[in-house]
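Chains F and U supply the protein sequences, listed in that same order.
Per the working numbering, residue 1 is the first one in the first sequence, and the count goes up by one each step.
Per the working numbering, residue 1 is the first one in the second sequence, and the count goes up by one each step.
Glycine included, each C-beta is placed from N, C-alpha and C at the ideal position.
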Amino acid sequence: MAKIVAATGNEAVANAFMQVNPDVSAAYPITPATDIMQRFTSFVSNGKVKTEMILVESEHSAMSACIGASAAGGRVMTATSSQGLALMWEMLFIASGLRLPIIMCVVNRALSAPLNIHGDHSDAMGARDSGWIQLWSENAQEAYDNIIQAFRIGEHMDIRLPVMVCLDGFIISHSIERLEYLEDGEVANFIGNFKELNPLLDMEHPVSYGPLILPDYYMEFRKAQDEVESKVSMVVLEAAKDFEKISGRKYGLFETYRLDDAEIGIVILNSAAGTSKDTIDEFRNRGIKAGLLKPRLYRPFPYEKIGEALKHLKAVCVLDRADAFGGSYGPVFIDIATSLYPYKEKPILINKIYGLGGRDYLPEHAEHVLSELAEIAKTGKVDTVKEYIGVRG
Amino acid sequence: MAKPLSLKELSKKEVLISSGHRMCAGCGAPTIVKMVLLASDYPVIASNATGCLEVSTCISDYTAWKIPWIHSAFENAAATISGVETMYRSLKKQGKINKEIKFVAFGGDGGTYDIGLQSLSGAMERGHDMLYVCYDNGAYMNTGIQRSSATPRGADTTTRPAGSVIPGKTEQRKDLTKIMAGHNIPYAAQASPSHWMDLMKKARKAFEMPGPKFMNIISPCNRGWRSRTDDSIALSRLAVETCYWPLYEVENGIVKITFKPKKKKPVVDFLKPQGRFKHLFKPENEWVLNKLQEDIDTEWDRLQKEESLFAS
């Protein structure tokens with residue numbers, strides 16, 4: 001039986017980690033993810049989990065220790081945000097290159113400079129091509145559910161990849177919501193026992209991790225890694241199907257909201273999707289056919305399926321809570337544009353940058369976007385492709 | 001108690017780093033690895049910082065390592081092995097593993113004194129049951145002989161070349177062994193492959209003791225030192241006999257010099273055979289030689305005084 005609770009996003013994630021009960025965790029404090037590890041270490045101190053903690057001196061060492069622990073042969077998790085993820089960057093590629101199923105919760109936060117501790121997606125977007133699977137979460141329930149599914153996905157024998165579960169800093173991590181926890185036993189059954197693959201601790205079969213591979217084979221190695229990525233969608237859907245059986249909650253590669261017959265649509269990640277859905281309802285009430293697509297599996301990005309889901313629309317706005325500097329568009333926009341590129345008939349695309357450094361995303365912002373889209377759908381004319389919204393000047 | 005080492009016993013043991021690796025002829029590092037691993041009475045898992053030893057011993061699809069081995073990056077051999085050791089402890093506590101296993105990290109001086117110092121300090125402070133071995137050849141040899149904080153004063157390197165204005169490195173080297181002993185770990189020691197019995201006794205003792213241990217081992221590099229390939233053991237002996245590289249240990253805070261030369265040789269005996277110090281023998285650079293000798297005399301005196309504090 002599910003247990004209904006009122007909990008913050010961080011509390012829900014910490015609870016998921018407790019139910020998963022990993023063998024080792026290495027972590028370093030950083031706002032707003034700190035709270036997850038504070039809660040988790042209290043589970044450790046009070047004997048609620050069997051986990052051995054490594055309280056490292058930096059995030060770089062946190063990921064390095066996770067890599068060592070995972071290669072040794074066991075279940076490993078950590079959590080971080082912002083600068084912490086940036087400091088881990090070098091090790092992210094090594095974790096995925098070594099094919100280690102480490103699970104990390106990223107509580108999304110802006111990057112310095114200027115220093116800002118609040119929620120935006122710059123951190124995880126900077127790590128989107130690191131070979132990690134990325135699952136994004138709208139609310140505490142989704143964060144909890146994604147963490148549990150992440151272990152099943154990452155540890156799947158067909159892929160063996162690290163997984164990052166993202167949720168919005170403060171907006172979700174520190175707000176209390178109603179959500180449902182699964183029973184401990186249900187979680188344990190769902191994730192199953194950890195399956196070892198070439199563990200370092202197998203002294204009878206010594207293995208070498210992290211060789212030098214020169215131009216003669218490096219490219220074959222990278223191609224093989226890319227082929228593994230192509231299997232991820234199937235594994236994610238399979239895990240979602242089994243998860244639905246125990247939770248009643250349905251997950252896919254992405255969520256669509258009133259999209260099937262829509263003429264205009266919003267693509268948006270995480271918590272701002274909720275606000276957008278409310279505004280879409282208002283537009284629907286006014287007879288405007290608006291819809292929404294919220295990516296869940298952001299890496300590897302399901303280009304074909306998302307392109308297929310959006311191709312019938314007249315106009316789409318991609319909202320990015322991170323910018324890509326250098327005259328470029330927001331990262332989600334670039335991916336959506338890529339997913340639609342193969343189609344002859346496709347929607348007109350615009351890009352709005354919103355909510356940086358924790359700036360509120362309000363219903364009026366969604367209204368502004370939807371009104372503009374309705375106009376574009378009517379006239380076929382676009383004034384500005386990329387624009388900052390909710391900003392001075 | 002650690003079993004005493006005997007040649008008879010050692011000759012029967014398997015060498016755990018195979019021949020056929022691609023380290024340079026005359027390099028000290030593989031000799032050091034061989035000695036350290038031979039000294040252990042237990043099965044060992046190793047981590048390796050990026051560097052000469054790592055790139056030359058595991059080029060896919062070959063590995064010279066007959067033990068489980070992991071390389072992840074340059075600055076984190078200590079953090080990486082701390083993860084392996086923690087997983088071992090977790091699984092042992094859960095009854096999933098019962099074997100006694102020891103853990104060792106190998107890093108060069110660049111990966112240990114410089115970029116890896118934070119990771120090493122953290123792992124030592126956390127008290128992991130591990131031995132960290134630094135093979136100190138006094139520069140970033142893998143990337144082509146660049147200056148590190150372990151480079152001796154006066155040495156010619158590719159980033160602080162001896163020129164008409166600057167006579168090579170002008171700063172004194174960092175004393176890492178002292179820094180590690182300052183972590184109040186159970187065991188920190190300096191060793192040299194020339195004094196192989198001393199080195200292996202120290203390694204065996206380190207593997208035997210629970211908790212974090214550190215060994216700093218001088219590792220001649222003929223490419224960087226500009227010396228003959230067959231001189232590496234002779235040079236590491238001269239480093240000890242000139243007290244450039246004193247052999248000592250700090251066991252539970254007690255300092256003990258493990259080899260005292262009958263007559264301390266002048267440092268020039270160590271410097272002369274090495275091309276990296278050639279420029280110091282020009283009259284205008286005599287002051288550097290004097291300064292180097294002064295550094296060594298001061299440190300050797302200090303070490304002897306420190307040892308005498310613990311003499312019973």
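For U:Ser-47, same chain residues with a beta-carbon under 6 Å away, outside a window of 5 residues either side, are Ile-70, Ala-77, Thr-80, Ile-81, Ala-105 in chain order. Neighbours of F:Leu-200 in chain U, taken as residues at a C-beta separation under 7 Å, are given in chain order as Ile-45, Pro-68, Ile-70, Val-84. Chain order gives no chain U residues near F:Leu-161, where near means a beta carbon separation below 8 Å; the closest approach is about 16 Å.
Taking a contact as a CB-CB distance under 8 Å, the pair F:Val-24 and F:Val-76 counts as one, their CB atoms being some 5 Å apart. Inter-segment contact for the segment 186 to 194 of chain F and the segment 41 to 55 of chain U is absent: fewer than three beta-carbon pairs are separated by less than 8 Å.
The three-state secondary structure of F:Gly-47, taken from DSSP, is coil. Close to F:Ala-65, with beta-carbon spacing below 8 Å, are these residues of chain U in chain order: Ala-79, Thr-80, Ser-82, Gly-83, Thr-86. When DSSP states are grouped into helix, strand and coil, F:Phe-17 belongs to the helix group. By the rule that beta-carbons nearer than 9 Å mark a contact, F:Lys-50 touches chain U.
Secondary structure at F:Asp-168: strand, using DSSP grouped into helix, strand and coil.
If you draw a straight line from the Cα of U:Asn-285 to the Cα of U:Val-267, it comes to about 15 Å. Near chain F, meaning a CB-to-CB distance below 7 Å, no residue of the segment 26 to 41 of chain U qualifies. Under the three-state reduction of DSSP, U:Pro-167 is assigned to strand. Using a Cβ distance threshold of 9 Å, F:Thr-279 and F:Ala-366 count as a contacting pair. Listed along chain U are Ser-72, Ala-73, Asn-76, each with a C-beta nearer than 8 Å to that of F:Met-91. Here the segment 164 to 171 of chain F makes contact with the segment 261 to 271 of chain F; the two share three or more CB pairs at distances below 8 Å. Listed as beta-bridge partners of U:His-71 by DSSP are U:Asn-48.
Put simply, of U:Ser-6, U:Thr-57, U:Ala-39 the residue whose alpha carbon is nearest the alpha carbon of U:Pro-30 is U:Thr-57.
Here the C-alpha atom of U:Ile-257 lies approximately 26 Å from the C-alpha atom of U:Asp-114. By the Cβ neighbour-count rule, F:Gly-330 is buried, with 16 or more other Cβ atoms within 10 Å of its own.
Leaving aside the five residues that flank F:Ala-377 on each side, the residues in its chain whose CB is nearer than 7 Å to its CB run, in chain order, Glu-263, Ile-264, Lys-314, Ala-315.
U:Asp-61 has a beta carbon lying within less than 9 Å of a beta carbon in chain F.
Taking 8 Å as the Cβ-Cβ cut-off, the segment 21 to 44 of chain F approaches chain U at Asp-23, Val-24, Ala-26, given in chain order. Of the other Cβ atoms in all chains shown, 16 or more fall within 10 Å of the Cβ of U:Trp-245; this residue is therefore buried. Per DSSP, F:Phe-254 is one residue of the beta strand (DSSP E) stretching across 254 to 257. Look at the beta carbons and you see the segment 5 to 22 of chain F touching the segment 31 to 38 of chain F: at least three pairs across the two are nearer than 8 Å. The C-alpha of U:Ala-73 is placed about 17 Å away from the C-alpha of U:Trp-65. For U:Lys-99, the chain F residues whose Cβ falls inside 8 Å of its Cβ are Met-203, in order along the chain.
By the 16-neighbour rule on beta-carbons within 10 angstroms, F:Val-187 is buried.
Its chain contains Arg-153, Gly-154, Val-267 as the residues whose beta carbon lies nearer than 6 Å to that of U:Leu-292, once the 5 sequence neighbours on both sides are disregarded; these appear in chain order. DSSP places F:Ser-70 outside any beta strand (DSSP E); the residue lies instead in the alpha helix (DSSP H), whose first and last residues are 59 to 73.
Selection F:Asp-335, F:Leu-362, F:Glu-183 evaluated against F:Phe-17 yields F:Glu-183 as nearest (Cα-Cα). Contact annotation: F:Val-332 and F:Pro-300 have beta-carbon atoms that are not nearer than 9 Å. Residues of chain U with a Cβ closer than 8 Å to the Cβ of F:Ile-94 are, in chain order, Ser-72, Ala-73. According to the DSSP secondary-structure assignment, F:Ala-290 is paired through a beta bridge with F:Ile-264. Taking a contact to require three or more Cβ pairs closer than 8 Å, the segment 95 to 111 of chain F and the segment 68 to 82 of chain F qualify as touching.
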